[in-house]
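Note that the protein sequences, when read in sequence, are chains H and F. So the first sequence is numbered by my numbering: it starts at 384 and just counts up by one. So the second sequence is numbered by my numbering: it starts at 384 and just counts up by one. No residue lacks a Cβ here, since even glycine has one placed at the ideal position from N, Cα and C. A quick write-up on the structure given underneath.
2 protein chains.
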Amino acid sequence: MSFTPHVLDRDLDIELIREVDVPPELVWRAWTTPELVTQWFAPKPYETPICEIDLRPGGRFRTVMRSPEGDEFDGTGCFLDVVDGERLAWTSALGPGFRPQAGPMPFTAVIELEATSSGGTRYRAVAMHQSPEDLKQHADMGFLEGWGAALDQLVALAKTL
Amino acid sequence: MSFTPHVLDRDLDIELIREVDVPPELVWRAWTTPELVTQWFAPKPYETPICEIDLRPGGRFRTVMRSPEGDEFDGTGCFLDVVDGERLAWTSALGPGFRPQAGPMPFTAVIELEATSSGGTRYRAVAMHQSPEDLKQHADMGFLEGWGAALDQLVALAKTL
């Protein structure tokens, strides 16, 4: 590992940890290639028609998610840390170029990938919040279920690559 | 230059550009050494009794400024980009570890240093905001005057190093 794992703050963070049976390289590719992100990012029946990625600190990370009813959720943040194949961090609190941006429940996400001895990946996703209230709201919105379902989709896609 | 200069958005950014007669290495040292920052960061008669620096993306940048009346302004943000001797970016919108944090008028600051042919530095400081209202408020608070006066103090200090 060439990164320092995020130290969890139980009052402000929520995390998903799972072992998956695809290697870190493929998980990384699925996370950082727009044409792949659109295929797994939103838990079905939601879709992700649009994804834009400028993979560097300060670079744009935009996703548009669409509900079955056609409502769209257009979110743009920026990457903060990019350690190839190992660690990806981005935030909704800053837009491209690190510009602050207003918005409800800002969060910073960190994805950490570690190869397992069996050729899979120890996958960790953390969302950091600014207050216990925001953490609760994010949890109540179904963060763990949503990110878990999206991860299942990512793994299924990675197996086809 | 090993960085891409920030592209100014006149509706959201404010900038200070000056040529100063100390080299980039000394300006950088004055900006990134806590015991030096405390000597120049706040325009007199304000003081900066405390400065904490963890000079890496996600690392803590804390300053406590004190007014002549003894009021203290304790601000903690985090660094976003550290290009040794050339470019320093940090934000008040995120705390250490990139955690979002609430606060009025969040801004991201970028300091860009370029050596001049005469041995000095072309110094550029930019503050980026999320709205024209925040820009106006920051400007009305005296951003340009304050950062200009602090830069004078920085240059005077750098000449003694």
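Between L391 of chain H and P428 of chain F, what straight-line distance do the alpha-carbon atoms span, to the nearest angstrom? 41 Å
Beta strand (DSSP E) segment containing R482 of chain F, residue limits: It is not in any beta strand (DSSP E) - R482 of chain F carries neither H nor E in the DSSP assignment.
At least 3 beta-carbon pairs within less than 8 Å: the stretch 479-495 of chain F vs the stretch 508-518 of chain F: yes
Closer than 7 Å to a non-hydrogen atom of the ligand ATP - does that hold for the CB of C434 of chain H? The ligand ATP is absent from the structure shown, which contains no ligand whatsoever.
Determine the closest residue to P440 of chain H out of F:K519, F:D464, F:V410, F:T421, with distance taken between C-alpha atoms. F:D464
Can you name the residues of chain F whose CB is closer than 9 Å to the CB of F526 of chain H? Those within 9 Å of F526 of chain H in chain F number zero; the least Cβ separation is about 15 Å.
On the DSSP bridge list, what partners appear for D464 of chain H? H:A472
Residues of chain F with a CB under 9 Å from the CB of T491 of chain H: which are they? L477, G480, F481, R482, P483
Quick one: which chain F residues come within Cβ less than 8 Å of M511 of chain H? G480, F481, R482, P483
Looking at the structure shown, is L518 of chain F part of a helix, part of a strand, or coil, going by DSSP? helix
Please report the distance separating the alpha-carbon of S385 of chain H from that of C461 of chain F. 21 Å
For E459 of chain H, which option in H:D437, H:E469, H:A541, H:A533 has the closest C-alpha, if you only look at C-alpha atoms? Position check: residue 459 of chain H holds Thr in this sequence, whereas Glu was assumed. Of the listed residues, the one whose Cα sits closest to T459 of chain H is H:D437.
For the structure I just gave you, are there three or more beta carbon pairs, one from the stretch 442-453 of chain H and one from the stretch 394-409 of chain F, closer than 8 Å? no
Between L456 of chain F and T474 of chain H, is the Cβ-Cβ spacing less than 8 Å? Looking at the sequence itself, residue 456 of chain F is Phe, so the reference to Leu does not match. For F456 of chain F and T474 of chain H, no; Cβs fall outside 8 Å.
With the cut-off set at 8 Å, would you say E402 of chain H and T543 of chain H are in Cβ contact? no
Any idea what DSSP makes of T431 of chain H, helix, strand or coil? strand
Beta-carbon separation of L537 of chain F and A425 of chain F under 8 Å? no
In chain order, what residues of the same chain lie with their CB nearer than 6 Å to the CB of T421 of chain H, ignoring the 5 residues before and after it? T431, C434
Could you name the residues of chain F that D464 of chain H contacts, counting a contact when the two beta carbons are closer than 9 Å? P440, G441, F481
Would you identify the three-state DSSP class for D394 of chain F, choosing helix, strand or coil? coil
Hey, does H389 of chain F have any beta-carbon neighbour from chain H nearer than 8 Å? yes
Kindly indicate which three-state DSSP category R412 of chain F falls into: helix, strand or coil? helix
Taking the alpha carbon of K519 of chain H as the point to measure from, which residue in H:A472, H:M488, H:A539 has its own alpha carbon closest? H:M488
Residues of chain F with a CB under 7 Å from the CB of A472 of chain H: which are they? F481
Spatial neighbours of P406 of chain F within its chain, please: CB distance less than 8 Å, with the 5 preceding and 5 following residues excluded, ordered by chain position. A498, G502, G503, T504
What residues in its chain sit with their C-beta under 7 Å from that of P388 of chain F, if we drop five residues either side in the sequence? E495
Can you tell me whether L517 of chain F is buried or exposed? The criterion is at least 16 other CB atoms within 10 Å of its CB, across all chains shown. Before going on, a small fix: residue 517 of chain F reads as Asp here, not Leu. It counts as buried.
Kindly indicate the opening and closing residues of the beta strand (DSSP E) around A425 of chain H. It is not in any beta strand (DSSP E) - A425 of chain H carries neither H nor E in the DSSP assignment.
Taking 8 Å as the cut-off, decide whether the C-beta atoms of G468 of chain F and E418 of chain F are in contact. no
Cut-off 6 Å between Cβ atoms - residues of its own chain near D404 of chain F, not counting five sequence neighbours on either side: G503
Integer Cβ distance of W423 of chain H from A533 of chain H, believed to fall under 8 Å: 6 Å
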